[in-house]
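The structure under discussion appears below in the form of structure tokens.
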DNA sequence: GTGGATGATTGAAA
DNA sequence: TTTCAATCATCCAC
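In the working numbering, the protein residues as written are -7 to 322.
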């Protein structure tokens, strides 16, 4: 069946005839009465609903993340918290990652607000449209104001369900971004060549007691542009790996021994010196004094440094350059 | 893609 | 708390 101009004209004519019918007012009032009675039952079942706790959670999270609500100077509480959580780590590209995080968050924020605006606009347009329709219909059938209100609230509910989905996906996006950002911060970065050199110089010049004091660690950290705990980690790793595979490190030890010896001979101070000399017999440059090439026999056979008070007197018949243990880590 | 190197983390021991 | 030892996760040269 097709709608033609003629059929539309006919329908309009019939509508007009009905509106002008002498029985129309009476019929209309009867319909109003019935409507009022049924409307009551509908209204009673459409009591005001409490605020959805899930929606509240989403709203709170979006606010906390800085997506909803006023912009906090280009940053978010989460970003600030994440930056604080880095524990003062002196990752040189931390700030880059941080600004990257903020720009991504700003993107999410922008998308969220533009979508939200679009939904609100669409909701208003649709509500106006429905209201106009109902007003139009009210000329031919009874449409109580309450019914109009109910229709508006239905529309709003539908749109807020859509908004909730938007909020949900925005929250997901923020969570993904956050986890990526945190992962990125945890990414391992090799220390700079210069930093490794400084640490190695200290390590090999204090081979009989490679345990830098707190002050020495701070000094090394400052020189290398890393944190004290990174220095501790480095020395921890170095000690254990050196001990496990002395042979492998001998060449490196010799290189640093020569380096240090040369700088000593030149009377220079290029070597990373400890601000506080080591407490044990292994004093500053202890094994390198006369440009002597390092001998790995300074370590105890048991692999411990703690007891190696007089390195040169301690020899190991079992451990030495030839004794190779592999780092089981790999 | 692979394997070694290396920084970080974790749990136990001192 | 610090260190050791094992392990994880990532980087990087090949």
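All C-beta atoms in this analysis are idealised placements derived from N, C-alpha and C, irrespective of residue type, glycine included.
Three-state class that DSSP yields for residue 15 in the structure shown = Position 23 of the first chain, counted from the start, is the residue given in the question as residue 15. Coil, per DSSP.
Who are the Cβ neighbours of residue 101 in its own chain at under 6 Å, not counting the five residues just before and after it?
-> Your numbering for residue 101 matches position 109 in the first chain. The residues are 59.
Within 10 angstroms of its Cβ, does residue 253 collect 16 or more other Cβ (buried), or is it exposed?
-> Mapped onto the first chain, residue 253 falls at position 261. Buried, by the Cβ-count rule.
Helix or strand or just coil, what does DSSP make of residue 147?
-> In the first chain, counting from the first residue as 1, residue 147 sits at position 155. Here residue 147 sits in helix by DSSP.
Secondary structure at residue 241, three-state DSSP: helix, strand or coil?
-> Along the first chain, read from residue 1 onward, the residue named residue 241 stands at position 249. Three-state result, residue 241: helix.
Please work out which residues of its chain come closer than 8 Å, Cβ to Cβ, to residue 189, disregarding the five sequence neighbours upstream and downstream, and give them in chain order.
-> In the first chain, the residue the question calls residue 189 occupies position 197. There are no such residues.
Assigned secondary structure, residue 201 (DSSP; H/G/I helix, E/B strand, else coil) = Taking the first chain and counting its residues from 1, the one referred to as residue 201 is at position 209. Coil, per DSSP.
Taking Cβ positions, are residue 202 and residue 233 nearer each other than 8 Å?
-> Counting from one through the first chain, the residue named residue 202 turns up at place 210. Counting from one through the first chain, the residue named residue 233 turns up at place 241. No; because the gap between Cβ atoms is not below 8 Å, this pair is not in contact.
Closer than 8 Å by C-beta to residue 156: which residues in its own chain qualify, once you throw out the five before and the five after it? Chain order, please.
-> Translated into positions along the first chain, residue 156 becomes position 164. 44, 46, 47 and 50, listed in sequence order.
If you compare alpha carbons, which of 192, 147, 204 and 242 is closest to residue 111?
-> Taking the first residue of the first chain as position 1, residue 111 is located at position 119. The residue with the shortest Cα to Cα distance from residue 111 is 147.
Determine the DSSP secondary structure at residue 224, reduced to helix, strand or coil.
-> Looking up residue 224 in the first chain gives position 232. Helix, per DSSP.
Take residue 152 and list the residues in its own chain whose beta-carbon comes closer than 6 Å to its own, dropping the five residues that flank it on each side.
-> Taking the first chain and counting its residues from 1, one reaches residue 152 at position 160. Result list for residue 152: empty, nothing under 6 Å.
As assigned by DSSP and simplified to three states, the class of residue 98 = Residue 98 sits at position 106 when you count from the first residue of the first chain. If DSSP states are grouped into helix, strand and coil, residue 98 belongs with the helices.
In whole angstroms, what is the alpha-carbon distance linking residue 144 and residue 135?
-> Taking the first residue of the first chain as 1, we reach residue 144 at position 152. Taking the first residue of the first chain as 1, we reach residue 135 at position 143. Distance between the alpha carbons of residue 144 and residue 135 is about 13 Å.
Rounded to whole angstroms, what's the CA-CA distance from residue 236 to residue 206? Just pull it up for me.
-> Stepping through the first chain from its first residue, residue 236 is reached at position 244. Stepping through the first chain from its first residue, residue 206 is reached at position 214. Distance between the alpha carbons of residue 236 and residue 206 is about 25 Å.
So, helix, strand or coil for residue 43, using DSSP?
-> Looking up residue 43 in the first chain gives position 51. DSSP places residue 43 in coil when its eight states are reduced to three.
CA-CA distance, residue 166 and residue 196?
-> As a position in the first chain, residue 166 is number 174, starting the count at 1. As a position in the first chain, residue 196 is number 204, starting the count at 1. Each residue's alpha carbon lies about 47 Å from the other.
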